[in-house]
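K.L.:
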RNA sequence: GGGCCGUUAGCUCAGUAGGUAGAGCACUGCCCUUUUAAGGCAGGUGUCCCGAGUUCGAAUCUCGGACGGCUCACCA
C-alpha cells in the first residue's frame, strides 16, 4: 500500500509531460478550432441529414460522365486526404460504406467559405452537398456547393499511405486501426456475418437461442481456471463462467429440445495467438440425438457459412489450401495415431508411451497419470499438427471426457469428437452423459486428477440433482467462434478477430 | 510463467569503430483552378520506452525494469 504514493507522483509528472507534448502536437488544430468558433461556427454539430451514403452514391451514379448530375446529394464522413491547389482543393471523404472524392472551388463556395474550408484538417468530420461528376481521369467526384463542419478532430490521423502498422497501437487504439486499415474493418464485418448466419442456420433447424448465467456460484462445464468475483450484498464469491454447458443441460431437463447460446466464456489462462481470456463460444444441445447428429450439424453449418459468406468451399488459410467440402473424414483417436503417426498405441504399455512422450521435452507427465491422458498427449504431440484438412477425431478417452457418454463399442472411450482444421481444434461435441450416478462418479474422478489445486474444485450437486429428474439423451456441440472467424478471414491471431483484445495497461 | 526478438518525431521507417539524431507522410508559411501517395520553395516539432552502470562522451555497450510480438507451458 505504501508504495502507491511515489507511483501517483510519477503519474502526475507523466500526465504533465503528456499534456505538454499533446498541446504541442495539436496546436495548429486548436487554432483552427478557435477560428471556427470566432466565425460563429459550431464545430461539434448535433446532426446532419444525408441523402445517401457513399456506396449508394457510387451505385446511383455508376454511369455518370464528365457532365455533372442535375440532382445534388448530401453526404457526410471523415476527411481522409486533402490536395490543395490554391483556389481549388481535392480531397477524399470516407463514411461507413466507402470513400469518394470531393472537389472544392473558391469561385463556387465563395471567398469567406473558402477561407473557412482552409481551416479544416485531415480527420475532421464534415457534411457536404453538391453535384456528382467524373473528372478527366474518370474519378467519381462530388463538386461541393455547401459544406458543414460536423466534428473537429484534434489529433493527427495515422499515415495515409502505410496506415497503422504497429500491432500494439492497432490493438490499443482499434478505432484508428479501423479507420485506416480497410481489411481490418472487413474482418470484423465478416465476424458479424458469421454469427448472424449461425443464428439463421440454427433457427431454421428449430433451435431456440437462450441466455444462461455468466456469474456462476460453482465453475463448471470445462477444466479451465476461472476468474473470481464477489457479490457484495449476498457476500458470496462468484465465478465468471468458463462454459455454459451445465446450465444448458438443465434446460434439456426442463423440456427444451433444441437450444443454443452464443456468448462469452472467461478463462483465467495464458494468452496466445489462439487464446484470449474472454472468447465467444457457441454451444448447442439437441434432445433425443447422439454425437453423430451434432457432428453432422457442425459439418453442415461450416459448409453453409462458407457458401453464404465466402461463396467458396476451398479456402486459403495462412498459405494452406483447405477444402471444406463434405463429408469430412471421421477417424477415431486411436486410429488417427496409427495413421498419422504410425504409432500402435493399443499394443503399448504405459511406460512405453511415457518414454515416447519424453521425446517431446515440454510435455509434463504427472504421477499417477491415466492411460487415457497419455493417449491424448500422444495425439496432441504427434497427430494434431498434421490435421490440416477438416477431420472429425472421435472416441476420446473416458478419463478426459467427464461429460460424455461411454462408447457403445469400447468402454475405454466416449462418444465424443473434435473437428480439426489447420491443426486446430475448432469444436467439441458428444453424446451427453445423462446418468446422474455415473456423472457424479466422473466428477469425483476429475477432482482426484486435478493436481494444480489453485481453485478448489467443487461438484455441482444442483446439476446432479437436475439429472436425477431425468435428462433426455442428447447430442451437444461447442464451437469456438473466434477460431472459426480466424479461419474464414485468414487471420493469424485471435487478437485480429477480437475488437478489443486484452492487453496490459500501457504505463509508459 | 519460461525462451527468443522488438521499442527512435503524431504515423511509416533510416541511423556502428560510442561524438549528442534523420527521411517520407502529417504539421506551419508562401506559390498553384482536374488532383488522387498532387507538385514547388522554406521550416525539424524528439524524455531515441524507463532506470542504473561502463565511458571524457551512450539511441548505439552492460545490467535491471516496462510494454509488445513470436514461441513453449496452462487452456479452447
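In the numbering used here, the protein residues as written are 884 to 1391. Built from N, CA and C at the ideal position, the CB exists for glycine as well.
With distances taken Cα to Cα, identify the nearest neighbour of residue 1201 among 1176, 1307 and 1252.
P.N.:
Measuring from the Cα of residue 1201, the nearest candidate turns out to be 1307.
K.L.:
Within 10 angstroms of the Cβ of residue 1065, are there 16 or more other Cβ atoms? Answer buried if so, exposed if not.
P.N.:
Counting Cβ neighbours within 10 Å, residue 1065 comes out exposed, since fewer than 16 surround it.
K.L.:
Quick one: is residue 1039 buried, meaning 16 or more other Cβ sit within 10 Å of its Cβ, or exposed?
P.N.:
Residue 1039 is exposed by the Cβ-count criterion.
K.L.:
Looking only at its chain, what residues have a beta carbon closer than 6 Å to the beta carbon of residue 1058, apart from the 5 residues adjacent to it on each side?
P.N.:
Contacts found: none.
K.L.:
How do the region 1020-1030 and the region 984-992 stand: do at least 3 beta-carbon pairs fall below 8 Å, yes or no?
P.N.:
Counting Cβ pairs under 8 Å, three or more are found: they touch.
K.L.:
Restricting to Cα atoms, I'd like to know which of 1322, 1372, 1209 and 1258 is closest to residue 1228.
P.N.:
Minimum Cα distance to residue 1228 is reached at 1258.
K.L.:
Report buried or exposed for residue 1278, applying the criterion of at least 16 other Cβ atoms within 10 angstroms of its Cβ.
P.N.:
By the neighbour-count rule (16 or more Cβ atoms within 10 Å), residue 1278 is buried.
K.L.:
Identify which residue in 1296, 1291, 1007 and 1036 has its Cα closest to the Cα of residue 1285.
P.N.:
It is 1296 whose Cα lies nearest to the Cα of residue 1285.
K.L.:
Quick one: which unbroken alpha helix (DSSP H) runs of 4-plus residues sit fully inside the region 1207-1279? Chain order, please.
P.N.:
Correct list: 1216-1224, 1233-1241 and 1254-1261.
K.L.:
So, are the CB atoms of residue 1033 and residue 1011 less than 8 Å apart?
P.N.:
No, they are not a contact pair.
K.L.:
My understanding is that residue 1174 touches residue 1298, with C-beta atoms under 8 Å, so please give their C-beta distance in whole angstroms.
P.N.:
Going by Cβ atoms, the distance from residue 1174 to residue 1298 rounds to 5 Å, so yes, they are a contact pair.
K.L.:
Do you know offhand how far residue 1378's Cα is from residue 1148's?
P.N.:
The straight-line gap from Cα to Cα measures roughly 16 Å.
K.L.:
Which residue spans inside the region 1073-1147 form an unbroken beta strand (DSSP E) run of at least 3?
P.N.:
Counting whole runs of 3 or more residues, the region 1073-1147 contains the beta strand (DSSP E) stretches 1111-1114 and 1119-1123.
K.L.:
Measuring straight from C-alpha to C-alpha, what distance separates residue 1178 and residue 1281?
P.N.:
Rounded to whole angstroms, residue 1178 to residue 1281 spans 19 Å at the Cα level.
K.L.:
May I have the straight-line CA-CA distance separating residue 1290 from residue 1159, to the nearest angstrom?
P.N.:
Each residue's alpha carbon lies about 33 Å from the other.
K.L.:
Where residue 1396 and residue 1167 are concerned, what is the direct C-alpha to C-alpha distance, given to the nearest angstrom?
P.N.:
Given that the chain is displayed from residue 884 to residue 1391, the structure contains no residue 1396 and the question cannot be resolved.
K.L.:
Comparing alpha-carbon positions, which option in 993, 1322 and 954 lies nearest residue 1015?
P.N.:
When each option's Cα is compared against that of residue 1015, the closest is 954.
K.L.:
Measure the alpha-carbon distance for residue 1269 versus residue 1325 and round it to whole angstroms.
P.N.:
For residue 1269 and residue 1325, the distance between alpha carbons rounds to 31 Å.
K.L.:
Would you call residue 1053 buried or exposed, if buried means 16 or more other Cβ atoms sit within 10 Å of its Cβ?
P.N.:
So residue 1053 ends up on the buried side.
K.L.:
Does residue 1178 come out as helix, strand or coil in the three-state DSSP assignment?
P.N.:
The answer is helix: DSSP assigns residue 1178 an H, G or I state.
K.L.:
Grouping DSSP H, G and I as helix and E and B as strand, with all else coil, what is residue 895?
P.N.:
In this prediction, residue 895 has a pLDDT of 44, which is less than 50 and means its spatial position is unreliable; what the coordinates show is noted afterwards. Reduced to three states, the DSSP call for residue 895 is helix.
K.L.:
Please go through the same chain and pick out, in chain order, the residues whose beta-carbon is closer than 8 Å to the beta-carbon of residue 926, but skip the five residues on each side of it.
P.N.:
If we look at residue 926 and ignore the five residues flanking it on each side, its Cβ neighbours are 916, 919, 920, 1032, 1034 and 1035.
K.L.:
Where does residue 1383 sit, in a helix, a strand or coil, going by DSSP?
P.N.:
The answer is coil: DSSP assigns residue 1383 none of H, G, I, E or B.
K.L.:
Pull up the DSSP beta-bridge partners for residue 1360, would you.
P.N.:
Answer by DSSP bridge pairing, in chain order: 1167 and 1312.
K.L.:
May I ask which residues mark the beginning and end of the beta strand (DSSP E) holding residue 933?
P.N.:
First-last for residue 933: undefined, no H or E at that position.
K.L.:
Under 7 Å Cβ to Cβ from residue 1380, same chain only, skipping five residues before and after it: list those, please.
P.N.:
Contacts found: 1070, 1074, 1365, 1368, 1369, 1372 and 1374.
K.L.:
Can you give, in chain order, each stretch of the alpha helix (DSSP H) that sits fully within the region 978-1035 and has at least 4 residues?
P.N.:
Within the region 978-1035, the complete alpha helix (DSSP H) runs of at least 4 residues are 989-992 and 994-1000.
K.L.:
When the Cα atoms are used, what is the spatial distance from residue 1384 to residue 1157?
P.N.:
Near 12 Å, if we compare the C-alpha coordinates of residue 1157 and residue 1384.
K.L.:
Three or more C-beta pairs under 8 Å: does that hold for the region 1097-1106 against the region 1118-1129?
P.N.:
Taking 8 Å as the limit for Cβ pairs, the verdict is that the region 1118-1129 does touch the region 1097-1106.
K.L.:
In terms of residue numbering, what span does the alpha helix (DSSP H) encompassing residue 918 cover?
P.N.:
Note, residue 918: alpha helix (DSSP H), 910-921.
K.L.:
At a cut of 8 Å, does the region 1105-1120 reach the region 1079-1092 through at least three beta carbon pairs?
P.N.:
No, the region 1105-1120 does not touch the region 1079-1092.
K.L.:
Using the three-state DSSP reduction, which class does residue 965 fall into: helix, strand or coil?
P.N.:
Three-state result, residue 965: strand.
K.L.:
Please classify residue 1251 as buried or exposed, where buried requires at least 16 other C-beta atoms within 10 Å of its C-beta.
P.N.:
With fewer than 16 other Cβ atoms within 10 Å, it is exposed.
K.L.:
According to the neighbour-count rule (16 or more other Cβ atoms, all chains shown, within 10 Å of its Cβ), is residue 1111 buried or exposed?
P.N.:
Under this definition residue 1111 is an exposed residue.
K.L.:
I'd like to know if the region 1352-1366 and the region 1309-1321 are in contact, where contact means that at least 3 CB-CB pairs between them fall below 8 Å.
P.N.:
Segments in contact, yes.
K.L.:
Compute the Euclidean distance between the alpha carbons of residue 1234 and residue 1272, then round it to the nearest angstrom.
P.N.:
Residue 1234 and residue 1272: Cα-Cα distance of roughly 32 Å.
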